[in-house]
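**Student:**
Residue numbers (our numbering): 2 to 660.
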């Protein structure tokens, strides 16, 4: 046969076929295209709850979704118990069918015709996902056909596990509870992966008729459905007889449980910052609840003096991870005292809490030695006259004692010598952002509360100094800029940064930081804290308090090589109260919080950054040739070039001693 003739016949046949059936072909192509694109990329766009967990996935708090539903963000996987219970109850052939299961549809059709009403839907889990995505439109034959087509389409693009996740995350569980995660916490007070077989089975049957068998109503009917599923699980060999028997004896839940709210202000923070997200934080739920309880105990004591607000933060020094976060106290009955304010983030007057940074800076530059005498006398600076808290004067005090006793006048003298502008630069390098005005705006009052900062930034700066000191000996006497950072609420990878950014100089030298912490270790504790010395679990703690002008703000910060605790007490509306001081109002809570933490060691001495020098025993300056008594002390390297004692010197007089 002629090949050209054969080819011609074939080509003509195709042309005739296209001319005759072109309408049908276009319709099929259009339907196929429509079939492929008819499912949007995102099946569900409903608003989600903001959910906050601790580091071990324990729920700390949640905020309801914008539509009034408790709908938690999707999980990454389903717990095996719930997964098996769900498939056994809803769709035994789930892994075998392509989205529809004809025998189930035919059986449902027969039952519905026989009963004269809809008693069975025959829907697969995939079809139910599509019904939920389409907002449960009218249940009729047309909608069932559409769901079937969409289910097949979904099976072509999504895995079986993804379909199960979509179902579990969007199924109704009664009332305004949507999704397995929310239901697990609302009905059982735990996460889905901690559910028992009885609890898993109950949540598997609940979406089947959430309005009819809502927990708290028709509990016997709910239990009957659950137990029937448990027996089926036993019959299929999924659970053994003992498990089935014991699970059947578990009671069904009553009314939904209130969700935990252990970190209210932190949850609100994430609601504003990352709404509708699941946030895994660095907090420890067990410690957080203990801290909340202690805050309330101290709150009750302080409220007798009309002090209504407290805030505290517990931080792990090495990582900067926040372990506990209490932004404010709970409302007192029907009385609200700005309890909604997250005081951890609020800028408040610093009082004396910045003095250790100035002391370390002076040591770092060799402007003082730890024992250098600093004037403590009435002084005036362009009309500004600082006063000590107790209104008295010592004449002159060693610098370290001025810090230990938090004397105001010597601190102002040191700031005047160091320079306000330079000190503002140091605060900026330490991570403070609230000191954003000029040096002339603050003046020398900056060191006594003339500026504002937050508990958050204060904890970050103190923690950064502790990290510098901790790492100095393991970085061969050098400094890593990554040690300077604010507290962290989420885990961050620490690998690969150290040894890359290492530098010869830091924002403050390790020696000056160590000498500062040594002075803070010796701070005199008030009588009511004497019990702290007697406790076996007590650890050496460097600590400092602060009280703002007008008794409006009370601060206390304490740290060890491992932990930092920062506390603020006062009234969030700014009302001052007589007797509100860092020593009496904030420090007691700080020490009680340390009692919740493991005992720790003390900072290792940065030997390579300390020098032994001979100083005048009387003045604390470097000893001169005329100093009658001398001591040996350790100073930062710059201290070797500090001033020589100006008091003991040879003075030549006239014969009569007049000149």
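Glycine included, each C-beta is placed from N, C-alpha and C at the ideal position.
In the DSSP assignment, what are the bridge partners of residue 601?
**Tutor:** Along the chain shown, read from residue 1 onward, the residue named residue 601 stands at position 600. Note: residue 601 sits in no beta bridge, so no partner.
**Student:** Return the first residue and the last residue of the alpha helix (DSSP H) that residue 64 is part of.
**Tutor:** The residue you call residue 64 lines up with position 63 of the chain shown. The continuous stretches of alpha helix (DSSP H) do not include residue 64, which lies in the beta strand (DSSP E) extending over residues 60-64.
**Student:** Using the three-state DSSP reduction, which class does residue 474 fall into: helix, strand or coil?
**Tutor:** Here residue 474 is taken as the residue at index 473 of the chain shown, counted from 1. Residue state, collapsed to three classes: coil.
**Student:** Assuming residue 350 contacts residue 552 (C-beta within less than 8 Å), just tell me the rounded distance between them.
**Tutor:** Indexing the chain shown from 1 puts residue 350 at position 349. Indexing the chain shown from 1 puts residue 552 at position 551. The pair is not a contact, with the Cβ atoms about 11 Å apart (cut-off 8 Å).
**Student:** Looking only at its own chain, which residues have a Cβ that is under 8 Å from the Cβ of residue 45, when we skip the five neighbours before and after it?
**Tutor:** Within the chain shown, numbered from 1, the residue matching residue 45 stands at position 44. The residues are 133, 134, 167, 170 and 171.
**Student:** Just list the residues that DSSP pairs residue 1 with in beta bridges.
**Tutor:** As displayed, the chain neither begins before 2 nor continues past 660, which places residue 1 out of reach and without an answer.
**Student:** Can you check which of these residues, 641, 619, 639 and 642, is closest to residue 632 by C-alpha distance?
**Tutor:** Taking the chain shown and counting its residues from 1, the one referred to as residue 632 is at position 631. Nearest option by C-alpha distance: 619.
**Student:** Would you tell me roughly how many angstroms separate the C-alpha atoms of residue 565 and residue 414, rounded to the nearest one?
**Tutor:** Residue numbering aside, residue 565 sits at position 564 when the chain shown is read from its first letter. Residue numbering aside, residue 414 sits at position 413 when the chain shown is read from its first letter. Looking at the two C-alpha atoms, the distance is approximately 29 Å.
**Student:** In angstroms with no decimal places, state the Cα-to-Cα distance between residue 462 and residue 505.
**Tutor:** As a position in the chain shown, residue 462 is number 461, starting the count at 1. As a position in the chain shown, residue 505 is number 504, starting the count at 1. Roughly 20 Å separates the two Cα atoms.
**Student:** Bridge partners of residue 130, per DSSP?
**Tutor:** Within the chain shown, numbered from 1, the residue matching residue 130 stands at position 129. For residue 130, which the question treats as bridged, DSSP gives no partner whatsoever.
**Student:** If I follow the unbroken beta strand (DSSP E) through residue 665, where does it start and stop?
**Tutor:** Absent from the structure is residue 665, since the part of the chain shown begins at 2 and ends at 660.
**Student:** Below 8 Å between beta carbons: does that hold for residue 434 and residue 286?
**Tutor:** Residue 434 sits at position 433 when you count from the first residue of the chain shown. Residue 286 sits at position 285 when you count from the first residue of the chain shown. In this structure, residue 286 does not lie closer than 8 Å to residue 434 by Cβ.
**Student:** Given that a residue counts as buried once 16 or more other Cβ atoms are within 10 Å of its Cβ, and exposed if not, what is residue 536?
**Tutor:** Position 535 of the chain shown, counting from 1, holds the residue named residue 536. Here residue 536 scores only 43 on pLDDT, less than 50, and its place in the model should not be relied on; the value that follows carries that caveat. Around the CB of residue 536, fewer than 16 other CB atoms lie within 10 Å, so the residue is classed as exposed.
**Student:** Check residue 454 in the structure and name its three-state DSSP category.
**Tutor:** Position 453 of the chain shown, counted from the first residue, corresponds to residue 454. It is a strand residue.
**Student:** When the Cα atoms are used, what is the spatial distance from residue 542 to residue 189?
**Tutor:** In the chain shown, residue 542 corresponds to position 541, counting from 1. In the chain shown, residue 189 corresponds to position 188, counting from 1. Computed Cα separation, rounded: 41 Å.
**Student:** Go to residue 168, then tell me how far its alpha helix (DSSP H) extends in each direction, as first and last residue.
**Tutor:** Numbered from 1 along the chain shown, position 167 holds the residue referred to as residue 168. Unbroken alpha helix (DSSP H) run through residue 168: 161-171.
**Student:** Which full runs of the beta strand (DSSP E) of 3+ residues lie inside the stretch 552-616, going along the chain?
**Tutor:** If only complete runs of 3 or more residues are kept, the stretch 552-616 shows the beta strand (DSSP E) at 554-560 and 564-571, in order along the chain.
**Student:** Measure the C-alpha to C-alpha separation of residue 55 and residue 507 and round it to an integer number of angstroms.
**Tutor:** For the purposes of this step, residue 55 is identified with residue 54 of the chain shown, where counting begins at 1. For the purposes of this step, residue 507 is identified with residue 506 of the chain shown, where counting begins at 1. Going from the Cα of residue 55 to the Cα of residue 507 covers about 33 Å.
**Student:** Considering Cα atoms alone, identify which of 49, 548 and 397 is closest to residue 179.
**Tutor:** The count along the chain shown starts at 1 and reaches residue 179 at position 178. It is 49.
**Student:** Report the partner residues of residue 316 according to the DSSP bridge assignment.
**Tutor:** The count along the chain shown starts at 1 and reaches residue 316 at position 315. According to DSSP, residue 316 bridges with 323 and 565.
**Student:** Roughly how many angstroms lie between the CA atoms of residue 275 and residue 514, to the nearest whole one?
**Tutor:** Here residue 275 is taken as the residue at index 274 of the chain shown, counted from 1. Here residue 514 is taken as the residue at index 513 of the chain shown, counted from 1. For residue 275 and residue 514, the distance between alpha carbons rounds to 37 Å.
**Student:** Would a C-beta distance cut-off of 8 Å place residue 156 and residue 99 closer than the cut-off?
**Tutor:** Position 155 of the chain shown, counted from the start, is the residue given in the question as residue 156. Position 98 of the chain shown, counted from the start, is the residue given in the question as residue 99. Against a cut-off of 8 Å, the Cβ pair of residue 99 and residue 156 comes out as a contact.
**Student:** Which same chain residues, not among the five before or five after residue 389, have their C-beta less than 8 Å away from its C-beta?
**Tutor:** Here the question's residue 389 lines up with position 388 in the chain shown. Here the set comprises 377, 408, 409 and 410.
**Student:** Please classify residue 650 as buried or exposed, where buried requires at least 16 other C-beta atoms within 10 Å of its C-beta.
**Tutor:** Translated into the one-based positions of the chain shown, residue 650 becomes position 649. Exposed, by the Cβ-count rule.
**Student:** Helix, strand or coil for residue 468, going by three-state DSSP, please let me know.
**Tutor:** What you label residue 468 is simply residue 467 of the chain shown in a count that begins at 1. Here residue 468 sits in helix by DSSP.
**Student:** Helix or strand or just coil, what does DSSP make of residue 198?
**Tutor:** Working through the chain shown from its first residue, we reach residue 198 at position 197. Note: residue 198 maps to helix in three-state DSSP.
**Student:** Residue 511: which of 442, 484 and 469 sits nearest, CA to CA?
**Tutor:** Taking the first residue of the chain shown as 1, we reach residue 511 at position 510. The shortest C-alpha separation from residue 511 is found at 469.
**Student:** Between residue 502 and the rest of its own chain, which residues show a CB-CB distance below 8 Å, the 5 nearest in sequence each way excluded?
**Tutor:** Here the question's residue 502 lines up with position 501 in the chain shown. Same-chain partners within the cutoff: 481, 482 and 483.
**Student:** Please give me, in chain order, every unbroken run of the alpha helix (DSSP H) with length at least 4 that falls completely inside the stretch 277-319.
**Tutor:** You should have 286-304.
**Student:** List the DSSP bridge partners of residue 350.
**Tutor:** Numbered from 1 along the chain shown, position 349 holds the residue referred to as residue 350. Note: residue 350 sits in a beta bridge opposite 453.
**Student:** Going by beta-carbon coordinates alone, are residue 403 and residue 371 separated by less than 8 Å?
**Tutor:** In the chain shown, counting from the first residue as 1, residue 403 sits at position 402. In the chain shown, counting from the first residue as 1, residue 371 sits at position 370. In this structure, residue 403 sits away from residue 371, with a CB-CB distance that is not shorter than 8 Å.
**Student:** Could you tell me whether the Cβ atoms of residue 283 and residue 148 are closer together than 8 Å?
**Tutor:** Start at 1 with the first residue of the chain shown, and residue 283 comes out as number 282. Start at 1 with the first residue of the chain shown, and residue 148 comes out as number 147. Their beta carbons are not under 8 Å apart, which means residue 283 does not touch residue 148 by this criterion.
**Student:** So, for residue 339: in the same chain, excluding its five sequence neighbours on each side, which residues have a beta-carbon less than 6 Å away from its beta-carbon?
**Tutor:** Position 338 of the chain shown, counted from the first residue, corresponds to residue 339. Within the same chain, and ignoring the five residues on either side of residue 339 in sequence, the residues whose Cβ sits closer than 6 Å to its Cβ are 573 and 574.
**Student:** Could you tell me the distance, in whole angstroms, from the CA atom of residue 546 to the CA atom of residue 279?
**Tutor:** For the purposes of this step, residue 546 is identified with residue 545 of the chain shown, where counting begins at 1. For the purposes of this step, residue 279 is identified with residue 278 of the chain shown, where counting begins at 1. Using only the alpha carbons, I get a separation of about 36 Å.
**Student:** Report all residues from its chain with a CB closer than 8 Å to the CB of residue 292; omit the five preceding and five following residues, and keep chain order.
**Tutor:** Taking the chain shown and counting its residues from 1, the one referred to as residue 292 is at position 291. Here the set comprises 313, 315, 325, 327, 594 and 597.
**Student:** How would you call residue 640, buried or exposed, if buried means at least 16 neighbouring beta carbons within 10 angstroms?
**Tutor:** By one-based count along the chain shown, residue 640 stands at place 639. Looking at its Cβ environment, which holds 16 or more other Cβ atoms inside 10 Å, residue 640 is buried.
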